[in-house]
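Number of protein chains: 2
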Amino acid sequence: MSFKVNQEIAVCGGKVLKLSHFSQIIGASMDVNVYLPKQYYSKTVRKLIPVIYYLSGLTCSPQNASEKAFWQIQSDNYGFAMVFPDTSPRGDDVPDDPEKAWDFGIGAGFYLNATQEPYKKHYQMYDYIHKELPTSLDEYFGKDSNLDFLDNVGITGHSMGGYGSLTGFLKNYDANRYKSCSAFAPIVNPSKVPWGQKAFSGYLGSENAELWSQYDPSELVKKVINKGNDKILIHQGTKDPFLQTNLRPELLLEATKGTSWEGKIEVKMVDGFDHSYYFISTFVPEHATFHAKNLGLI
Amino acid sequence: MSFKVNQEIAVCGGKVLKLSHFSQIIGASMDVNVYLPKQYYSKTVRKLIPVIYYLSGLTCSPQNASEKAFWQIQSDNYGFAMVFPDTSPRGDDVPDDPEKAWDFGIGAGFYLNATQEPYKKHYQMYDYIHKELPTSLDEYFGKDSNLDFLDNVGITGHSMGGYGSLTGFLKNYDANRYKSCSAFAPIVNPSKVPWGQKAFSGYLGSENAELWSQYDPSELVKKVINKGNDKILIHQGTKDPFLQTNLRPELLLEATKGTSWEGKIEVKMVDGFDHSYYFISTFVPEHATFHAKNLGLI
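As you go down the protein sequences, you meet chains A and B in turn.
The opening position of the first sequence corresponds to residue 1 in this note's numbering, with each subsequent residue numbered one higher.
The opening position of the second sequence corresponds to residue 299 in this note's numbering, with each subsequent residue numbered one higher.
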């Protein structure tokens, strides 16, 4: 599980590493950015450094959030590393949306394992994000690196990536895979909104309600039992152009009613904010504090 | 002097305004972004809000620094507004580099008044940045706005924009136009480096040494007398790929020897940093503090 270091860039007190590696599960080369905070480079601080996985939204590569979300200052502040994976497989032999739309295919992998042709060969993003990538990073950096890619980790993301964060957290909740989960303007009920319906039809098949429900946060909250007092933090801008069509956070809150998640998912509606990195970067500090608490850093 | 508000985007505690206006001096429509900090929107705080002009580098539009330099959190922190102008005129009738290179013509106006054909009609960036734009913004926002675009203002910038900052500050020093000046990886001696020689030849003519010297910071420090104890702050990354060819900060320091600026220009060489917004965003907090002190905010 070897990575190629394409670039190593100083930022804040640490470094952004632009990596690529061949994913066995995806069957293609994948890009991923990692931010190692100043604590990683400290010769005196040898505490284990938790990792937060940040899943980006439609069309993004690992670069967008690395450059615009400004997690780095928070990573240095609290002492966690960041991993910014890609949003889909890429490459000449990776099938794209037939009409090259931006909401399906390349740049829009929806963090699930496709079961339909021609996507199922490469679009195995769920297994890649939640299994192969963390294991590969752990092997690559080595057990002596004081980076904890596998155990004390959190997950977050934006839009399609917020959906990926919620889904990954809930589907792996019983295994205690992620200690912390948050999301920025997530798709919360993909089975009921256009982006999700298009993606699920294409990747999972249009007549497969049971499989759809396994990837739908608003269905998962009904099945997964919140055993402790685990909370999820969500921010949503009121001027987000996708709020009424594709995001609809009220559907998730309604779904939790009468379940173990009722009152455990906080959706903060923030006045005047849109769907851009201006919105994300504004609330990254609050999410960083939320994760830092859950990861035992404060 | 009217502006069109193309977008108004919430970020941090304030808003980024994406504006455009017709510049009489340039003879074309110009884009400019303005960040108004939370203090502007406060109904109780009515102190005059100073403005910092940020001049971007080669190829940039007003968007790059607005999205990636992360000045906003500092603006809110200290209570100054930001102005992000464009780097050149744009439009179908604006002449570009004959070979469409990225270091001359559109996206590369060098913040000077061109005297040569075909550039002199539109490339009047010096008068635009230091005269028309601030006056127009002052008129547009009005005297009751508590924004100070004209008097208690600072200037900074990156690369070509760092050059623009140094040049604008020094050429207007006797008029006390800017109260504060800094630069990120600036071109300090354009007459002696490839980027500068190409730009000066094209915009000012290749046989015009006297005019070149009027736009060269390393010449201006010999003529302009530092009357007080004014200081300039510069950061420069050691892994900047343009350090040895086009930036060469040592030339500015050599030029100040025996002048009133000797010891007043601090060039901080920062280990491992490159020429990107990762570098800029890392040192924006230090520049913000520097300007906030000079503008009387702390």
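Note that beta-carbon positions come from the ideal geometry of N, C-alpha and C, so glycine has one too.
- With a contact defined as Cβ atoms closer than 8 Å, A:I232 and A:I265 qualify at about 5 Å.
- Taking 7 Å as the cut-off, the beta carbon of B:V486 is found no closer than this to the beta carbon of B:N544.
- Assigned with DSSP and collapsed to three states, B:T554 falls in helix.
- A:Y178 and A:G154 have their C-alpha atoms spaced approximately 5 Å apart.
- Within chain A, the residues placing a beta-carbon under 7 Å from that of B:T580 are V11 and C12, ordered along the chain.
- Per DSSP, reduced to three states, the secondary structure at B:P348 is strand.
- Between the alpha carbons of B:I324 and A:A108 lies a distance of about 42 Å.
- Secondary structure of B:P383 (DSSP, three-state): strand.
- Taking a Cβ-Cβ cut-off of 8 Å, the neighbours of B:D572 in chain A comprise I9 and A10, given in sequence order.
- Sixteen is the threshold: when 16 or more other Cβ atoms of the shown chains lie within 10 Å of the Cβ of B:P387, as they do, the residue is buried.
- Around the Cβ of A:I298, a 10 Å sphere holds fewer than 16 other Cβ atoms; the residue is exposed.
- Assigned with DSSP and collapsed to three states, A:V188 falls in coil, not helix or strand.
- Taken in chain order, the whole beta strand (DSSP E) runs of length 3 or more contained in the segment 500-563 of chain B are 530-535.
- Using a CB distance cut-off of 7 Å, A:F184 does not count as an interface residue toward chain B.
- Taking CB atoms only, B:K566 has no neighbour in chain A less than 7 Å away.
- Against A:V16, the close residues of chain B are Y576, in the order they occur along the chain (beta-carbon pairs closer than 8 Å).
- Of all residues in the segment 351-373 of chain B, those with a C-beta nearer than 9 Å to a C-beta of chain A are S364, E365, K366, F368, Q370 and I371, reading in chain order.
- Looking at the DSSP output, A:M30 sits in a beta bridge with A:H21.
- Within the DSSP bridge table, the entry for B:I427 names no partner.
- Rounded to whole angstroms, the Cβ separation of A:V267 and A:F70 is 23 Å, and the two are not in contact under 8 Å.
- Of the other Cβ atoms in all chains shown, fewer than 16 fall within 10 Å of the Cβ of B:D390; this residue is therefore exposed.
- In the displayed model, A:N294 falls within a helix according to three-state DSSP.
- Apart from the 5 residues on each side of it in sequence, A:R248 sits with its Cβ closer than 7 Å to the Cβ of V188, N189 and V193 in its chain, given in chain order.
- A Cβ-Cβ contact shorter than 7 Å links A:S218 with A:L251.
- With a threshold of 16 other beta carbon atoms within 10 Å, A:Q244 falls short and is exposed.
- In the DSSP assignment, A:I73 falls within the unbroken alpha helix (DSSP H) covering Q72 to Y78.
- Spatial neighbours of A:K38 in its own chain (CB-CB distance under 6 Å, excluding positions within 5 residues in sequence) are listed in chain order as G13, G14 and D76.
- Contact annotation: A:L19 and A:V11 have beta-carbon atoms that are not nearer than 7 Å.
- Contact between B:H456 and B:G355 is confirmed by a C-beta separation of about 5 Å, below the 8 Å threshold.
- Beta-bridge partners of B:H456 (DSSP): B:F482.
- By the 16-neighbour rule on beta-carbons within 10 angstroms, B:Q372 is buried.
- Comparing alpha-carbon positions, the option among A:D230, A:K222, A:H291 and A:D274 lying closest to A:G258 turns out to be A:K222.
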